[in-house]
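Structure record follows, encoded as structure tokens.
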Ligand SMILES: C[S@@+](CC[C@H](N)C(=O)[O-])C[C@H]1O[C@@H](n2cnc3c(N)ncnc32)[C@H](O)[C@@H]1O
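Residue numbers (this note's numbering): 68 to 353.
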């Protein structure tokens with residue numbers, strides 16, 4: 068297993084401008100926002116930040132809190148990265164309706180997907196990764212428990228001009244769906260999954276990463292065969308090491324050959340170039 072640090076470099080529509088004193092300043096298209104960032108323990112590069120809005124955290128680290136926004140900020144505004152376009156908005160969950168730290172994963176997947184490949188995106192949320200694969204000509208199955216997230220993903224599909232692309236948008240429980248696909252004998256060229264620590268399927272199915280990740284990864288590996296190319300697991304806000312999820316990924320992919328790489332995902336701060344860690348990943352490829 069190889070260890071690596073993935074870095075989201077700034078691009079036209081996104082950048083981590085500065086960070087420190089438990090907060091971060093980011094730009095999303097024309098707007099700048101401040102959000103809590105407990106890992107930014109250092110001193111910010113600039114003493115004063117000018118922003119169009121700020122998320123003031125609640126007492127609960129996982130939820131609570133609210134945005135204070137300039138009245139100029141629209142309900143949603145379009146952003147782009149490469150061929151994919153998506154709507155940004157100030158969600159009650161403190162993020163902006165997509166996860167910029169996934170950019171190095173999008174690029175890695177785009178390098179591996181070929182036209183006609185059947186690929187699966189689990190816990191796919193607003194669908195940026197699905198659209199990255201669709202833009203490469205893949206046939207995408209996108210699964211998320213939230214009807215609202217799927218609705219937003221289809222809006223992103225239209226915005227990207229990929230309305231005719233073969234994407235199945237499924238409101239389903241990720242584990243139940245994958246187990247059904249195993250029983251049907253289905254195979255995928257690549258799978259990506261970004262499970263939350265805790266979640267619920269559309270019928271109230273409880274998802275707990277600590278309890279169910281091993282079963283889900285084993286089931287995902289059963290959907291791969293000797294023609295498959297990749298399996299990407301990312302995890303955030305968990306007390307888990309990249310090495311632990313790499314061990315699991317190596318275990319389930321052993322019969323397939325190939326190799327596993329794992330490590331931290333980070334975003335480069337524009338002010339000084341320092342890396343802000345956001346998540347961990349393990350990915351198999353061949
Ligand atoms: C933070 S998002 C993943 C982010 C996404 N991969 C991206 O890069 O935009 C986690 C998603 O998991 C979904 N989810 C939670 N529990 C689920 C379950 N049991 N089955 C399927 N999706 C679930 C949520 O609706 C949410 O959209």
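All residues carry an ideal CB built from backbone N, CA and C; glycine is no exception.
None of the values given here were measured: they were computed from a predicted structure.
Annotation for residue 346: the continuous beta strand (DSSP E) segment containing it runs 342-352. Note on geometry: alpha-carbon atoms of residue 210 and residue 247 lie some 13 Å from one another.
At a threshold of 7 Å, residue 80 does not count as near ligand 1, since its beta carbon sits no closer than that to any of the ligand's heavy atoms. Taking a C-beta distance under 8 Å as the contact criterion, residue 85 and residue 116 qualify as a contact pair. Of the candidates 224, 242, 182, 224 places its Cα closest to the Cα of residue 196. For residue 285, the CB contacts under 7 Å within the same chain, skipping 5 residues up- and downstream, are 319 in chain order. Summarising the contact set, residues whose Cβ lies nearer than 5 Å to any heavy atom of ligand 1 are, in chain order, 166, 169, 190, 192, 211, 212, 213, 216, 240, 241, 261, 263, 266, 268, 274. Secondary structure note for residue 173: its alpha helix (DSSP H) is the uninterrupted segment 170-179. In this structure, the straight-line span from the alpha carbon of residue 168 to that of residue 345 is close to 7 Å. Residue 93 counts as buried, since at least 16 other C-beta atoms from the protein chains shown sit within 10 angstroms of its C-beta. Relative to residue 189, the option among 87, 298, 149, 182 whose CA is nearest is 298. Residue pairing by DSSP places residue 258 opposite 187, 298 in a beta bridge. In this structure, 261 is the residue among 313, 310, 261, 269 with its C-alpha nearest to the C-alpha of residue 303. Cβ-Cβ distances below 6 Å link residue 339 to 112 in the same chain, with the five nearest sequence neighbours on each side left out; the list follows chain order. Straight-line measurement puts the Cα of residue 265 at about 13 Å from the Cα of residue 240. Using a Cβ-Cβ distance cut-off of 8 Å, the region 230-240 and the region 200-208 are in contact, since at least three pairs of beta carbons, one from each stretch, lie closer than that value. The alpha helix (DSSP H) runs lying completely inside the region 270-327 and spanning 4 residues or more are 276-288, 309-320, given in chain order. DSSP places residue 198 in the uninterrupted alpha helix (DSSP H) bounded by 195-202. Going by beta carbons, residue 334 and residue 163 fall outside the 8 Å limit. Rounded to the nearest angstrom, the Cβ distance from residue 327 to residue 289 is 17 Å, too far for a contact under 8 Å.
Residue 332 is bridged by DSSP to 73, 346. Close CB contacts of residue 78 within its chain, under the 8 Å cut and outside five residues either way in sequence, are with 148, 170 (chain order). Here DSSP, grouped into helix, strand and coil, assigns residue 244 to helix.
Here DSSP, grouped into helix, strand and coil, assigns residue 110 to coil. In the displayed model, residue 231 falls within coil according to three-state DSSP, outside both helix and strand. Per the C-alpha coordinates, the member of 311, 337, 341 positioned closest to residue 348 is 311. For residue 87, the pairing in a beta bridge is given by DSSP as 90. Of 166, 103, 122, the smallest CA-CA separation from residue 87 is found for 103. Distance from the CA atom of residue 125 to the CA atom of residue 161, rounded to whole angstroms, is 10 Å.
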